[in-house]
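Chemist: Dropping a structure here in structure tokens format, bear with me for questions.
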Amino acid sequence: MGQTKRVAVLGAGISGAVAARRLIEAGLGVTVFDKGRGIGGRMATRRVADSGLAFDHGAQFMRAQGANFSERLADWTRRGVAGAWDALGGSVGIPGMTAPVRDLLEGIDTRSDRTVTRIERTDGVWRLAIAEGAEDDDFDAVAVSFPSPQVAKLMKASGLALPGLDVPVYAPCWSLMLACERDCPLQAGPLSDGSGAIAQMFREDSKPGRSAETVQVVVHATPEWSRAHLEETREQVTRILVGAIETSLGTAVRPIHASAHRWRYALVETALNEDCIYESSLKLGACGDWCLGPRVEAAYDSGAALAARMIADLA
Ligand SMILES: Cc1cc2nc3c(=O)[nH]c(=O)nc-3n(C[C@H](O)[C@H](O)[C@H](O)COP(=O)(O)OP(=O)(O)OC[C@H]3O[C@@H](n4cnc5c(N)ncnc54)[C@H](O)[C@@H]3O)c2cc1C
18 MGQTKRVAVL
28 GAGISGAVAA
38 RRLIEAGLGV
48 TVFDKGRGIG
58 GRMATRRVAD
68 SGLAFDHGAQ
78 FMRAQGANFS
88 ERLADWTRRG
98 VAGAWDALGG
108 SVGIPGMTAP
118 VRDLLEGIDT
128 RSDRTVTRIE
138 RTDGVWRLAI
148 AEGAEDDDFD
158 AVAVSFPSPQ
168 VAKLMKASGL
178 ALPGLDVPVY
188 APCWSLMLAC
198 ERDCPLQAGP
208 LSDGSGAIAQ
218 MFREDSKPGR
228 SAETVQVVVH
238 ATPEWSRAHL
248 EETREQVTRI
258 LVGAIETSLG
268 TAVRPIHASA
278 HRWRYALVET
288 ALNEDCIYES
298 SLKLGACGDW
308 CLGPRVEAAY
318 DSGAALAARM
328 IADLA
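For the sequence shown, the numbering used here assigns the number 18 to the initial residue and increments by one for each residue that follows.
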């Protein structure tokens with residue numbers, strides 16, 4: 018019997034997580050690296066220290082159209098990893114949006130706080146350069162699951178090229194996390210203060226498995242506004258967005274918590290329209306929502322497609 022082939026999966030969002038799960042199930046060795054403090058990528062749950070507050074400040078909910086993701090979502094729902102969020106007719110992770118990603122990565126060697134800055138292949142063996150310190154592992158193949166501009170940056174730094182990375186286009190999104198006492202006037206839905214800043218407000222406390230002690234809201238700014246204010250500080254954006262909400266409601270909100278998060282690559286505006294990229298000669302592939310569209314399900318399908326290509330090539 019030959020040695021177990023080893024794959025480095027770069028990125029622990031939903032696309033990297035499903036790729037890692039499928040590769041492990043096929044008998045390959047897998048290590049996952051992510052630059053974040055935690056896992057989940059844009060399926061993130063931000064906990065505010067010492068406050069009991071938690072916000073899904075990226076993806077709000079999931080919907081399944083195709084058979085693969087429908088089956089997975091049904092399994093998560095059966096096991097309490099996800100549940101129906103009736104307010105928007107979708108499903109959410111329980112207790113937060115990260116839960117489904119955590120479930121996929123269960124038992125898989127996953128290393129956070131690992132920013133991969135370069136990859137290098139010598140005599141058929143891949144090594145990774147990590148900003149936070151050395152990792153000595155060797156890999157037979159690499160699956161990159163970052164947003165496409167970040168894949169392109171890694172390829173450039175590594176002197177490599179993958180076709181099609183210049184096609185996808187992302188819109189940014191500023192996301193505001195807001196908590197208020199129960200009697201505050203914030204409601205879910207679109208809001209207009211006339212400035213075009215706010216796209217949608219979501220009531221976190223109406224999701225299954227969340228605390229309803231306070232009103233917790235996530236506010237997404239519009240793509241246009243987010244683009245125009247992309248390089249402002251979190252504090253500036255927090256101030257402007259809270260002001261826009263107060264103008265639109267005609268009353269003060271008096272938040273007990275308010276903070277903003279910049280998603281530089283939030284929602285795919287133009288997709289590649291291929292399920293993944295894979296170069297068999299290099300044993301190098303890339304996946305993510307940018308392959309198929311701006312949805313959790315698209316990212317999931319892309320990660321599964323890349324794993325299938327790698328398994329056919331390596332196993
Ligand atoms: C504000 C917002 C709202 C959204 N709302 C919804 C919604 O309601 N429904 C829906 O279906 N979709 C929604 N989406 C889209 C959905 O979140 C994404 O399509 C999906 O989560 C993308 O998964 P992914 O695995 O492709 O990428 P990501 O989740 O971005 O994962 C990529 C990972 O790569 C890591 N990474 C990047 N560079 C490096 C590096 N150099 N080294 C190591 N790690 C690195 C990142 O830390 C990240 O964890 C929303 C997105 C945002 C931002």
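A virtual CB, placed ideally from N, CA and C, is assigned to each residue, including glycine.
1. Go through its chain and collect everything with a Cβ distance to Thr231's Cβ below 6 Å, but skip five positions before and after it.
2. Can you find a heavy atom of ligand 1 that lies under 7 Å from the Cβ of Glu314?
3. Can you give me the C-alpha to C-alpha distance between Asp120 and Gly267, rounded to a whole angstrom?
4. What three-state label does DSSP hand Asp330 in the structure shown?
5. Taking 8 Å as the CB-CB limit, is Gly30 close to chain C?
6. Spatial neighbours of Ala238 within its chain, please: CB distance less than 7 Å, with the 5 preceding and 5 following residues excluded, ordered by chain position.
7. Can you find a heavy atom of ligand 3 that lies under 7 Å from the Cβ of Cys293?
8. Take the Cβ of Gln77 as the centre, count every other Cβ of all protein chains shown within 10 Å, and call the residue buried at 16 or more, exposed below.
9. Are there any heavy atoms of ligand 1 lying less than 7 Å away from the beta-carbon of Ala329, as far as the coordinates show?
10. Ordered along the chain, which non-local residues of its own chain (more than five positions away) have a Cβ less than 8 Å from that of Gln167?
11. Looking only at DSSP bridge pairs, what is Asp126 linked to?
12. In whole angstroms, what separates the C-alpha of Ala277 from that of Gly113?
13. Where are the alpha helix (DSSP H) runs, 4 residues long or more, that stay fully inside the stretch 230 to 257, in chain order?
14. Can you grab the Cα-Cα spacing for the pair Glu123 / Ala71, in whole Å?
15. I need the DSSP call for Met18, collapsed to helix, strand or coil.
16. Have a look at Val26 and Pro202 and give me their C-alpha separation to the nearest angstrom.
17. In whole angstroms, give me the CA-to-CA distance for Gly141 and Gly46.
18. Are three or more beta carbon pairs between the stretch 31 to 50 and the stretch 320 to 329 nearer than 8 Å?
19. Rank Asp92, Ser175 and Val161 by C-alpha distance to the C-alpha of Asp306 and give the top, closest one.
20. Return the chain-ordered list of same chain residues with a C-beta closer than 6 Å to the C-beta of Leu105, the five sequence neighbours on each side being excluded.
21. Work out the CA separation of Thr264 and Thr127 for me, nearest whole Å.
22. Once you ignore the five residues that flank Arg23 on each side, which residues in its own chain have a CB closer than 6 Å to its CB?
23. Can you tell me where the alpha helix (DSSP H) holding Arg90 begins and where it ends?
24. What separation, rounded to the nearest whole angstrom, lies between the Cα atoms of Gly5 and Leu289?
25. For the beta strand (DSSP E) that contains Arg131, what are its first and last residues?
26. Cβ of Lys52 within 8 Å of Cβ of Thr132?
27. Start and end of the beta strand (DSSP E) containing Met218?
28. Could you give the residue range of the alpha helix (DSSP H) that holds Arg39?
29. Just reading off the alpha helix (DSSP H) that Ala151 is part of, what are its end residues?
30. Does any heavy atom of ligand 1 sit closer than 7 Å to the C-beta of Leu284?
31. First and last residue of the alpha helix (DSSP H) that includes Met114?
32. Here's the rule: buried if 16 or more other CB atoms are within 10 angstroms of the residue's CB, otherwise exposed. What is Pro207?
33. Answer yes or no: the CB of Ala116 versus the heavy atoms of ligand 1, is any distance below 7 Å?
Modeler: Straight from the coordinates:
1. Ala196
2. yes
3. 43 Å
4. helix
5. The question asks about chain C, but that chain is absent: this structure has only one protein chain.
6. Cys190, Trp191, Ala214, Ile215, Ala216 and Leu258
7. Ligands displayed in this structure: ligand 1; ligand 3 is not among them.
8. buried
9. no
10. Tyr282
11. Thr48
12. 18 Å
13. 240 to 245
14. 22 Å
15. At Met18, the pLDDT of 49 sits below 50, so the modelled position is not reliable and the matter cannot be decided from this model.
16. 44 Å
17. 16 Å
18. yes
19. Val161
20. Phe78
21. 45 Å
22. Gly46, Phe156 and Asp157
23. It is worth fixing the name first, because residue 90 is Leu in this sequence and not Arg. Here the alpha helix (DSSP H) through Leu90 covers Ala84 to Arg95.
24. Because residue 5 is not part of the residues shown, which for the chain are 18 to 332, the question remains open.
25. From DSSP, Arg131 is part of no beta strand (DSSP E); its letter is neither H nor E.
26. yes
27. Ile215 to Arg220
28. Ile31 to Glu42
29. No alpha helix (DSSP H) holds Ala151; DSSP gives it neither H nor E.
30. yes
31. Looking at the DSSP string, Met114 is not in any alpha helix (DSSP H), and its letter there is neither H nor E.
32. exposed
33. no
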